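2 protein chains.
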Amino acid sequence: MKRTTNDRKVIQEVLSKAQQPLTVREIRKSAGQSVHLSTVYRAITEMSSEGSIRRVDFGGRVPRYEVAGEHHHHIVCTTCGDIEDVHTEPRGLEKAALVESKKFKSVHAHSLEFFGVCKKCT
Amino acid sequence: MKRTTNDRKVIQEVLSKAQQPLTVREIRKSAGQSVHLSTVYRAITEMSSEGSIRRVDFGGRVPRYEVAGEHHHHIVCTTCGDIEDVHTEPRGLEKAALVESKKFKSVHAHSLEFFGVCKKCT
DNA sequence: AGACTAATTGCGAATATTTCGCAATAATGC
DNA sequence: GCATTATTGCGAAATATTCGCAATTAGTCT
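Rendered as structure tokens:
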């Protein structure tokens, strides 16, 4: 059965306290060197498939992860990389896509990310 | 000055004829072994920065590229990976995000991808 | 056409990211 | 405490991407 190990607690804690989605390397760094990189990879793989965390892609070379709380999106500063959550949710978004589609019979998820310049980056 | 080489013509052609965004490996495969992988990487890097092609992320491990024609989104089948373009465009999307944001002063782009099940995958 | 210049390519090595196998460790049930 | 077995550490693949440099070649000028 699934076990509550110290490493996983630490990793979950790191993700919970994070102000924005983290890369595997960042998670490992925050968790401390005592947590092996492989352990982080295995942990996020499990947590992802069990749904407790979500993977986010911003077009960077590496994916980021965040605790899967309320559904939301992000705005990423293309200058400094800072990230802010946004909850803007166009009504009927997925339905509209499905109506237009000719090849799909269902749409069950979507990802929406914005790119802009934050106030700190003049 | 920028040169029109054979390799680049081939790569552009491959992307133009593609029915869906391709990975670097797929581009290379279609272009033929005579085109070195480094050349593909360099070509897509240039084309991306000059804006003739766009990078697309579907949550897979590798990014995909498509010719940067009319702005649009995609629906990806989570079962077979098939991809269809969709042009659904919620009105005032970026503006809405900016209004809600506290940290950003401008939003100049967004990515929107849908995930579902296509009709072929019962 | 021939020569020249600089952009581009091929190649191999260097990085970086992620996955895997396996022995050692440790969490849970009794 | 003991047994069972999930989990971890570790190093070795596998995969993806970048880089330096010498060789090639497109574009320009004569």
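Residue numbers (the numbering used here), protein chains in the order written: chain A, 1 to 122; chain B, 1001 to 1122.
Glycine included, each C-beta is placed from N, C-alpha and C at the ideal position.
Note that this is a predicted model, so its numbers are computed, not measured.
Should residue i and residue j be called a contact, given that it needs their Cβ atoms to be closer than 8 Å?
i	j	result
H1110(B)	E1100(B)	no
R72(A)	D85(A)	Contrary to the premise, residue 72(A) reads as His rather than Arg in this sequence. Going by C-beta atoms, H72(A) is nearer than 8 Å to D85(A).
V117(A)	K1105(B)	yes
E1026(B)	H1074(B)	no
F1115(B)	T1078(B)	yes
T22(A)	R54(A)	Reading off the sequence shown, one finds Leu at residue 22(A), where the question assumed Thr. The answer is no: Cβ separation not under 8 Å.
V143(A)	E66(A)	Any property of residue 143(A) remains undetermined from this structure, which presents chain A solely from 1 to 122.
I44(A)	V24(A)	yes
Answer yes or no: does any C-beta atom of chain B fall closer than 8 Å to that of residue i?
i	result
S48(A)	no
S52(A)	no
Using a Cβ cut-off of 7 Å, pull out every chain B residue sitting near residue i, in sequence order please.
i	result
R55(A)	G1059
I75(A)	A1097, S1101, F1104 and V1107
What is the DSSP secondary structure of residue i, counted as helix, strand or coil?
i	result
S1034(B)	coil
S111(A)	strand
V1056(B)	strand
E1070(B)	coil
K1105(B)	strand
V1086(B)	strand
R64(A)	strand
Run down chain A in chain order and give the residues with a C-beta less than 7 Å from the C-beta of residue i.
i	result
T1088(B)	A96, A97 and E100
K1119(B)	K103, F104 and K105
L1093(B)	P90
Can you name the residues of chain A whose CB is closer than 9 Å to the CB of residue i?
i	result
S1038(B)	Within 9 Å Cβ-Cβ: nothing; S1038(B) doesn't reach chain A, min ~17 Å.
G1081(B)	None at all; the shortest Cβ gap to chain A is about 12 Å.
Does residue i get closer than 8 Å to chain A when you measure Cβ to Cβ?
i	result
L1112(B)	yes
G1069(B)	no
Could you list which residues in chain B have their beta carbon closer than 8 Å to that of residue i, in chain order?
i	result
E84(A)	S1101, K1102, K1103 and F1104
So, for residue i: in the same chain, excluding its five sequence neighbours on each side, which residues have a beta-carbon less than 8 Å away from its beta-carbon?
i	result
R1061(B)	none
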